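From first to last, the protein sequence lines stand for chains A and B. Numbering of the first sequence is given in this note's numbering, commencing with residue 1 and proceeding in unit increments. Numbering of the second sequence is given in this note's numbering, commencing with residue 246 and proceeding in unit increments. We put the CB at the ideal spot given by N, CA and C, even for glycine. In this text the structure is predicted, and so the values were computed from the model without any measurement. Worksheet: one structure, shown below.
There are 2 protein chains.
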Amino acid sequence: MLARSHTAVDDRRRVQSSDPGRAATISVRVPARSLLVEDEWPRSKWRHLEEKSPLYSEGDPRTHVYRILSGAICLFRMLEDGRRQVIDFAFDGDIVGLGSGSLETSNAQALSATKVSCLPIARLMTAAKTNSRIALGLYEALSKEVVVAHEHLMCIGHRGATERVATFILMLSRRNETRGLAGDVVTLPMARVDIADFLGITIETVSRTLTRLKVQGLIDIEQITTLRLKDMSKLIALAEGRVRV
Amino acid sequence: MLARSHTAVDDRRRVQSSDPGRAATISVRVPARSLLVEDEWPRSKWRHLEEKSPLYSEGDPRTHVYRILSGAICLFRMLEDGRRQVIDFAFDGDIVGLGSGSLETSNAQALSATKVSCLPIARLMTAAKTNSRIALGLYEALSKEVVVAHEHLMCIGHRGATERVATFILMLSRRNETRGLAGDVVTLPMARVDIADFLGITIETVSRTLTRLKVQGLIDIEQITTLRLKDMSKLIALAEGRVRV
DNA sequence: CGACTACTTGACAAGGATCAAAGTTGGTGG
DNA sequence: CCACCAACTTTGATCCTTGTCAAGTAGTCG
């Protein structure tokens with residue numbers, strides 16, 4: 001694959017990005033704790049979800065915004081023919097359900113037992129109308145979602161399977177570090193099918209690629225849901241397309 | 246390609262989408278005229294761009310939000326190795342440059358001679374702070390960008406080249422209809438390389454696919470930049486993955 | 001009119017999808 | 001506690017789409 005890009009862009013305008021320690025294309029959904037409506041959450045109600053049960057579905061009336069307290073959520077959309085695109089994974093501290101239409105535009109489903117705090121949209125909007133700081137907090141939170149979506153786009157748009165998987169692993173690693181956890185041990189709360197549908201490849205390719213990364217010594221697969229990253233700089237090089245496997 | 250999706254989603258939760266006239270996955274950037282800061286724009290300055298000249302680049306300080314008055318803009322990001330992902334195309338009436346960080350996260354470049362109206366971020370933020378309707382307008386505008394990004398993701402994540410091209414053509418057609426233009430004639434203000442980098446395929450594949458669609462009688466290529474859509478329902482079926490070519 | 005750029009077409013190869021089967025894991029009940 | 005079953009994951013073999021390389025065509029601008 002690895003599309004050589006017939007790029008017409010003026011070279012003077014090319015983005016400088018040769019700092020090798022920095023994977024410029026990887027960014028993570030940052031917990032929006034501090035930004036968003038901090039005085040509203042305490043009053044809100046909790047909801048418990050079992051594994052695989054939906055938080056909301058495409059087309060549902062948009063009633064609440066949710067903050068994940070524990071567990072993990074898979075956000076996805078279905079294509080007409082049953083294929084599925086996973087849009088994002090959300091973990092504790094993350095906000096899901098933002099958006100302005102009256103209907104949900106995606107599906108949210110628990111990956112494991114999950115607890116969420118529910119804030120009614122109506123209350124949020126009332127607050128936003130009187131307090132522009134809240135409204136701008138919403139703007140800021142969505143702005144981050146746009147950036148995340150664009151980086152996801154780059155990941156699956158012009159990258160081969162190995163790059164995609166490496167990028168995915170590093171994304172989770174970054175997410176851990178953002179939360180003060182170790183960056184070199186990554187747990188995968190999602191099934192291979194979720195990873196596959198996130199990256200736009202098949203489960204077989206996900207599996208084979210992880211095996212290959214293990215054989216090459218870049219990672220260890222300690223359990224089926226636990227990876228140890230052994231060669232971070234090579235993984236980054238892989239994700240950036242600087243080397244092949 | 247056409248990844249058969251090993252989907253674990255509960256069938257009861259599957260989105261109903263068999264209305265064949267509706268291409269559920271295609272949505273267009275809606276001009277935000279009415280929503281966004283209508284009283285601020287009149288005071289703002291204009292800027293004229295030549296073909297291929299940049300409006301802003303990744304990493305630039307985020308100084309303005311722009312409304313396109315005429316012409317077209319290509320929004321893209323570069324990967325470390327020089328590959329390029331086109332994020333979106335923006336036409337007259339569209340707003341570009343929204344986002345909350347202090348630096349631009351993408352590049353914006355004119356596809357042809359383009360005139361934009363420039364609104365300083367500082368002024369916009371001042372207005373948003375005192376007027377929550379403006380702040381919520383910003384939120385709403387970004388919310389639409391998120392939806393567009395997600396649909397772009399679905400397009401390139403799980404679709405073969407033909408589906409991608411068909412989806413792209415239909416997207417432009419919809420955009421025309423939204424603006425009150427004919428939906429069956431689509432002009433392509435961008436080069437093949439821009440389409441390719443938008444869809445995550447090569448220019449050769451774009452070219453071959455357009456030729457194939459022509460040969461099959463789905464479109465006419467009247468000029469290199471002008472397509473006539475001859476069989477809309479088949480194009481929609483193609484885009485949705487219901488048929489092959 | 002020639003040089004340049006953009007686009008198209010062809011031949012070939014490679015990466016990933018598909019189909020098939022074997023191996024793991026986790027839960028249930030005897 | 002272990003045997004069994006279902007769901008998930010890994011591995012293997014093969015085929016197909018699309019990327020790559022290369023050549024040729026068509027517009028465009030000086």
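**Request:** Please check if any C-beta of chain B sits within less than 8 Å of the C-beta of Leu210 of chain A.
**Result:** The residue labelled residue 210 of chain A in the question sits at position 210 within the first sequence. Leu210 of chain A does not count as touching chain B.
**Request:** Measure the alpha-carbon distance for Ile490 of chain B versus Ile464 of chain B and round it to whole angstroms.
**Result:** Here the question's residue 490 of chain B lines up with position 245 in the second sequence. Here the question's residue 464 of chain B lines up with position 219 in the second sequence. The displayed chain sequence assigns Val, not Ile, to residue 490 of chain B. Going by the C-alpha atoms only, they are around 13 Å apart.
**Request:** Give the DSSP-derived three-state secondary structure of Lys389 of chain B in the structure shown.
**Result:** The residue given as residue 389 of chain B occupies position 144 in the second sequence. Helix at Lys389 of chain B.
**Boundaries of the beta strand (DSSP E) in which Asn495 of chain B is found, first to last residue** = Given that chain B is displayed from residue 246 to residue 490, the structure contains no residue 495 of chain B and the question cannot be resolved.
**Message:** If contact is defined by three or more beta carbon pairs under 8 Å, each pair taking one atom from either stretch, is the segment 427-439 of chain B in contact with the segment 383-397 of chain B?
**Reply:** no
**Members of the segment 394-409 of chain B near chain A, C-beta cut-off 7 Å** = Ala394, His395, His397, Leu398, Met399, Ile401, Gly402 and His403
**Prompt:** Can you tell me the Cα-Cα spacing of Glu408 of chain B and Ser302 of chain B, whole angstroms?
**Reply:** For this step, residue 408 of chain B is matched to residue 163 along the second sequence. For this step, residue 302 of chain B is matched to residue 57 along the second sequence. Whole-angstrom Cα-Cα distance: 31 Å.
**Request:** Taking the CB atoms as reference points, tell me whether Cys248 of chain A and Phe91 of chain A lie closer together than 8 Å.
**Result:** Because chain A is modelled from 1 through 245, residue 248 of chain A falls outside the range shown and cannot be assessed.
**Request:** Go through the segment 137-197 of chain A residue by residue and report every complete run of the alpha helix (DSSP H) that reaches 4 residues or more, in order.
**Result:** 161-178
**Prompt:** If you run the structure through DSSP and keep just helix, strand and coil, what is Ile236 of chain A?
**Reply:** Here residue 236 of chain A refers to the residue found at position 236 when the first sequence is read from its first residue. Helix.
**Prompt:** Helix, strand or coil for Leu494 of chain B per DSSP?
**Reply:** The question about residue 494 of chain B has no answer, for chain B in this structure spans 246 to 490.
**Asked** If we cut at 8 Å on Cβ distances, does Glu422 of chain B have a partner in chain A?
**Response** Working through the second sequence from its first residue, we reach residue 422 of chain B at position 177. No, no contact with chain A.
**Whether Thr211 of chain A touches Leu188 of chain A by CB criterion (8 Å)** = Against the first sequence, residue 211 of chain A aligns to sequence position 211. Against the first sequence, residue 188 of chain A aligns to sequence position 188. For Thr211 of chain A and Leu188 of chain A, no; Cβs fall outside 8 Å.
**Request:** Can you have a look at Gly304 of chain B and say buried or exposed, based on whether 16 or more other CB atoms are within 10 angstroms of its CB?
**Result:** Against the second sequence, residue 304 of chain B aligns to sequence position 59. When all chains shown are included, Gly304 of chain B counts as exposed.
**Message:** Check this for me: beta carbons of Glu104 of chain A and Val391 of chain B, under 8 Å apart or not?
**Reply:** Stepping through the first sequence from its first residue, residue 104 of chain A is reached at position 104. Stepping through the second sequence from its first residue, residue 391 of chain B is reached at position 146. No; because the gap between Cβ atoms is not below 8 Å, this pair is not in contact.
**Message:** Quick check on Tyr139 of chain A - is its C-beta less than 8 Å from some C-beta in chain B?
**Reply:** Against the first sequence, residue 139 of chain A aligns to sequence position 139. With 8 Å as the cut-off, Tyr139 of chain A counts as an interface residue toward chain B.
**Asked** Around the C-beta of Arg83 of chain A, are 16 or more other C-beta atoms found within 10 angstroms, so that it is buried, or is it exposed?
**Response** Taking the first residue of the first sequence as 1, we reach residue 83 of chain A at position 83. Answer is buried; the Cβ neighbour count reaches 16.
**Message:** Does any residue of chain A have a CB that is nearer than 8 Å to the CB of Glu296 of chain B?
**Reply:** The residue labelled residue 296 of chain B in the question sits at position 51 within the second sequence. So no, Glu296 of chain B is outside the interface.
**Item:** Residue-level contact to chain A via CB, Ala373 of chain B, 8 Å cutoff
**Value:** Within the second sequence, numbered from 1, the residue matching residue 373 of chain B stands at position 128. Closer than 8 Å to some Cβ of chain A, the Cβ of Ala373 of chain B qualifies, so yes.
**Asked** What residue from B:Glu295, B:Ile313, B:Ser298 and B:Ile401 has the CA that sits closest to Ser289 of chain B's CA?
**Response** Here residue 289 of chain B refers to the residue found at position 44 of the second sequence. Here the closest residue by C-alpha is B:Ile313.
**Prompt:** Is there contact here, the segment 163-175 of chain A with the segment 107-122 of chain A, by at least three beta-carbon pairs under 8 Å?
**Reply:** No, the segment 163-175 of chain A is not in contact with the segment 107-122 of chain A.
**Request:** Could you check if Met246 of chain B is buried or exposed, using at least 16 other CB atoms within 10 Å of its CB as the buried criterion?
**Result:** The count along the second sequence starts at 1 and reaches residue 246 of chain B at position 1. Note on Met246 of chain B: pLDDT 42, under 50, position unreliable in the model; no value is reported.
**Request:** Please classify Thr371 of chain B: is it buried, with 16 or more other beta-carbons within 10 angstroms of its beta-carbon, or exposed?
**Result:** For the purposes of this step, residue 371 of chain B is taken as the residue at position 126 of the second sequence. Exposed is the call here.
**Request:** Please report the residue range of the beta strand (DSSP E) in which Leu294 of chain B lies.
**Result:** Counted from its first residue, the second sequence places residue 294 of chain B at position 49. Lys290 to Leu294 is the extent of the beta strand (DSSP E) around Leu294 of chain B.
**Prompt:** Applying a beta-carbon distance threshold of less than 7 Å, which residues of chain A neighbour Val391 of chain B?
**Reply:** Counting from one through the second sequence, the residue named residue 391 of chain B turns up at place 146. Here the neighbours are Gly99, Leu142, Glu145, Val146 and Ala149.
**Message:** Strictly below 7 Å CB to CB, what residues from chain B border Asp81 of chain A?
**Reply:** For the purposes of this step, residue 81 of chain A is taken as the residue at position 81 of the first sequence. Near Asp81 of chain A (Cβ distances below 7 Å), the residues of chain B are Glu485, Gly486 and Arg487.
**Request:** Report yes if the C-beta distance between Ala358 of chain B and Gly316 of chain B is below 8 Å; otherwise report no.
**Result:** Position 113 of the second sequence, counted from the first residue, corresponds to residue 358 of chain B. Position 71 of the second sequence, counted from the first residue, corresponds to residue 316 of chain B. Result yes, Cβ atoms of Ala358 of chain B and Gly316 of chain B sit closer than 8 Å.
**Request:** From the DSSP output, in three-state form, read off Thr447 of chain B for me.
**Result:** Along the second sequence, one-based indexing puts residue 447 of chain B at 202. Reduced to three states, the DSSP call for Thr447 of chain B is coil.
**Message:** Strictly below 7 Å CB to CB, what residues from chain B border Ile87 of chain A?
**Reply:** Here residue 87 of chain A refers to the residue found at position 87 of the first sequence. Here the neighbours are His395 and Leu398.
**Request:** Report, in whole angstroms, the separation of the C-beta atoms of Glu396 of chain B and Asp81 of chain A, which I expect to be a contact under 8 Å.
**Result:** Taking the second sequence and counting its residues from 1, one reaches residue 396 of chain B at position 151. Taking the first sequence and counting its residues from 1, one reaches residue 81 of chain A at position 81. No, Glu396 of chain B and Asp81 of chain A are not in contact; Cβ-Cβ is about 15 Å, not under 8 Å.
**Message:** Between which two residues does the beta strand (DSSP E) holding Ala358 of chain B run?
**Reply:** The residue labelled residue 358 of chain B in the question sits at position 113 within the second sequence. Where Ala358 of chain B is concerned, there is no enclosing beta strand (DSSP E), given that its DSSP letter is neither H nor E.
**Amino acids of chain B, ordered along the chain, whose beta-carbon sits closer than 8 Å to that of Gly200 of chain A** = Stepping through the first sequence from its first residue, residue 200 of chain A is reached at position 200. Here the neighbours are Ala248, Ile401, Gly402 and His403.
**Item:** Rounded C-alpha distance that separates Arg292 of chain B from Arg322 of chain B
**Value:** As a first step, residue 292 of chain B must be located in the second sequence, where it is residue number 47. As a first step, residue 322 of chain B must be located in the second sequence, where it is residue number 77. If you take the alpha carbons of Arg292 of chain B and Arg322 of chain B, they lie about 22 Å apart.
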